[in-house]
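81 is the number of the first residue of the sequence shown in the numbering used here; add one for each residue after it.
We treat Cβ as the ideally placed atom computed from N, Cα and C, and that holds for glycine.
Since the structure comes first, as structure tokens, the remarks are kept for the end.
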Amino acid sequence: MAVTTSPPTLRKPPLITAVWLASALLAAAPGLAGAASEAAGGVAQIPLDDDPAAYMLDPVVVTAAPYRDGSPGSTRLGESGLSGKRARTSDTARLLEDIPGVSLYGAGGISALPALHGIADDRLRTQVDGMDLMTACPNHMNPALSFIDPSRVASVEVFAGIAPVSVGGDSIGGTIQVNSAPPRFAKDDGVLAEGQLGGFYRSNGQAKGGHIGLTLADRRLNLSYKQSFAESGNYRAGGLFKLPGIWQSLGERPIPANEVAVSEYGGAVNRDLGLALKLSGKHLIELNVGEQRLDYEGFPNQRMDMVYSAPDPADPTQYVLDKDQPANLNRLVNLRYTGQYQWGELETRLFRQRLQHHMDMLQDRFAGMYMPMDTEATTTGGLVKASIELSDRDTLRVGGDFQHYRLDDWWPPIGSAGAMCCEDFWNIRDGKRDRVGVFAEWETDWSPKWLSLLGIRGGTVKSDAGPVQGYNNTYAADAGAFNALAHQRTDHHLDLSSLARFTPDDRQTYEAGIARKTRSPNLYERYPWSTNAMAWVMNNFVGDGNGYIGNLDLKPEIAYSLSASGDWHDASQEKSWQLKVTGHVTYVHDFINAERCDASLSALCTAQNATTTNKYVLLQYVNHNARLHGIDISGQRALGRIAGLGSFTGTGVLSYLHGEDTTTGDPLYHLMPLNGKLGLTQRQGGWTNSAEVVLVAGKKQVSQVRNEVRTGGYGLLNLRSSYEWKQVRLDLAIENVFDRLYLMPLGGAYLGQGNAMTTNAIPWGMGVPGMGRSINVALNIHF
């Protein structure tokens, strides 16, 4: 007998509360300002001697161009914008979540994937300390930002709209640059010795961790060492979210109905050793050697987890888990030179990444079942860039970059008979993806009011893969068909960008840009080959529960983007008030989307697979066309001061995004619905206290081809407080104060319990919920 179930009903967002808070912020501004003026009692008078002229200074005339905040088209966060965010997350991607236009795909506890205006993952260029780091996993469990701990991040720059060609390349959605602190040196002949120490605890999941950093430097040499550690248990949602069924009881222990299984992570250790040499004050050489060791990390929206497993000594044909061994080991070497010359600046970089990755299933998911999966990859990359000062107003940037990527993805056999015996399954063998690009960019300050930036980039991406095999002869037909084809593909890229900034006066700034950008398919979009259902669902890096097979005939994506923004602010540039509005539209030719697989591909591609609306399905990557457009609004206003209470500031962000596959008319997958944040911040002495309301509309426009799950609207309240001494910072917070249950619109499908190796053994219709109430504390000391 068929049983029909529905996803749990969520509480509606407290829209009345949101409207009231917004109205209160606006209405309170005049009153707060008046109260502040009254409390001050007028302007204080400073007594002077008999001759006031003795205190007068000669007039000084200052002439300068209007203040320009960051690179054209970018948003930058420095220490003041990051210090509070580091205290509440171990996931570096979440440092970006308050930037207009940024949203986050749900994944593991330290592996969220940022999206810029709905475009995410490999469609973005993500750089960590200048390195284009690569993931090595069919589920993209180890994205670039997971390789740097938030405690090391000193600055973030996000190009959410039009990225200049000097920071773009092989991407269509923008650029994210995350950097650690630059080396510091002692003054004169002294010695600089400094350090930092910090720790945190979060009640939901009992997450805890810490970091330490040490620096020793003279005026030419800097030696530094940084290390961090983090771990967490499964987190708890704000209510019950699971559909009924025996699938919930297949783990090694009973799991409460509000607990998000396999959301835990442990043994996350990041180390970095840095050496910097300054020559004659104009030349700097930096060498960093880093390592990340991660013992285990669960992924509630995937069918596998990042955890180490090895052959059972009692029966080598079977596997056992070992959560004390690293499942992800990433090693980095980064060498950089920057030099100042009479003609401008020269930057060169060479880096190498080696990544070893192992997956299996945490036993909260499915006790007694194992499926080892191994991935190894190396990435070698580099950059040469010269910034040439042609004149007082003209700067020419020219350069080139390259990236060589090698990948092996294989799955060791299990048992002495059966479907997963008796040879290694090669998902991708001898995978190669090599990128080379050159660029030229001309920046001109035509006048104090006008700036322009024009750029062109050309490049080539070559990809290839070797012959494959399955566990046994039942895979021979698929493997033979794939091996008989030519695997090498060469794509040619041409990128163009044009940006302009107009600053008519010190109260307003306008920017506009247009660009053509190109991205080639990644190896997991082109080369997965098996039509076995289990192999199909193991290849999925978007967390929707479906299975994906590659397509050798995929073409590069070509995006045409237009962005325009207006920024109005106070004349002093102290941001006592600011309003910024950005509109954007992107059309993507040959957008890599998915279709239900055709019957000619496999007998599993049935009529039911083609038409079902409430099950997980089998898909193949294809080229379609797509269009995305939206608007971001952000602002802040100083509301005044009250004697004894300090200053008050109101902030707000609102984002709208729509995207569709124009070939089929289907909404694009994983787009954030209408959402906003309202904040009220109070500062007095060393104290900073804030209340934040998060509002998200219901997700009604969903990808039908993927059977994406709809989510309800919700509202959350977060309360945060911090106190800063000269060298100490204490952070306290209550996140999700009212313990609301909500499904994350970009959280993906809940697959954290049950037999994940069978396509529909876990019921369709459950989204991954957000975290319930958590009380957080963090302490950081600089010495």
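For P194, DSSP records a beta bridge to L184. With 16 or more neighbouring CB atoms inside 10 Å of its own CB, F446 falls in the buried class.
The shortest CA-to-CA distance from S343 to any of T206, A187, E177 is the one to A187. In this structure G347 touches E311 by the C-beta definition: roughly 7 Å separates them, less than 8 Å. Under the three-state reduction of DSSP, E377 is assigned to strand.
The C-alpha of K779 is placed about 19 Å away from the C-alpha of A317. Secondary-structure assignment with DSSP links I711 through a beta bridge to G663, Y736. Within the same chain, Cβ atoms closer than 8 Å to the Cβ of G249 are found at R205, D481, R515, G517, F519, R537, G539, H573, D575, the five residues on either side in sequence being excluded. The residues R676, in chain order, have a CB closer than 6 Å to that of A690 in the same chain once the five nearest residues on each side in sequence are set aside. Taking a 10 Å sphere around the C-beta of F671, we find 16 or more other C-beta atoms and assign the residue as buried.
Less than 9 Å divides the Cβ of R599 from the Cβ of A639. Inclusion of F321 and L823 in the CB contact set at 9 Å is warranted, their separation being smaller than that value. Less than 9 Å separates the beta-carbon of N620 from that of G627. Three or more Cβ pairs drawn from the region 408-417 and the region 355-373 lie within less than 8 Å of each other, which places the two stretches in contact. Collapsing the DSSP output to three states places Q328 in a helix. Rounded to whole angstroms, the separation of the alpha carbons of S578 and S151 is 13 Å.
In the DSSP assignment, E159 falls within the alpha helix (DSSP H) that extends over 159-166. For the region 576-612, the continuous beta strand (DSSP E) assignments of 3+ residues that do not extend past its boundaries occur at 588-599, in sequence order. Shown here for I855: same chain residues with a beta carbon closer than 6 Å to its own, the five before and five after excluded, namely S283, I814 in chain order.
The beta carbon of A644 lies closer than 6 Å to those of A592, G663 in the same chain, with the five residues before and after it left out. By the Cβ-count criterion, C685 is buried, with 16 or more other Cβ atoms from all chains shown falling within 10 Å of its own Cβ. Counting the other CB atoms within 10 Å of its CB gives G158 a total below 16, which places it among the exposed residues.
In this structure, G361 is the residue among T692, A167, G361 with its C-alpha nearest to the C-alpha of P263. Judged by beta-carbon spacing, A192 lies beyond the 9 Å limit of A167, meaning their Cβ atoms are not closer than that value.
Secondary structure at F446: coil, using DSSP grouped into helix, strand and coil. In this chain, the alpha helix (DSSP H) harbouring T691 covers 687-691. Shown here, N553 sits in a helix according to DSSP, grouped into three states. The beta-carbon distance between L634 and N552, rounded to whole angstroms, is 29 Å. This is too long to meet the 8 Å contact definition. Around the CB of L565, fewer than 16 other CB atoms lie within 10 Å, so the residue is classed as exposed. When the beta-carbon positions are compared, D229 and S170 come within less than 9 Å of each other. Inclusion of L603 and Y701 in the CB contact set at 9 Å is not warranted, their separation being larger than that value. Following the DSSP letters along the chain, one finds D454 inside the beta strand (DSSP E) bounded by residues 453-469. In the structure shown, the three-state DSSP call for P230 is helix. In the DSSP secondary-structure assignment, N314 is not bridged to any residue.
The residue among R299, K306, G254, H709 with its C-alpha nearest the C-alpha of Q276 is K306. For I190 against Y345, the beta-carbon gap comes to about 6 Å, under 8 Å, which counts as contact.
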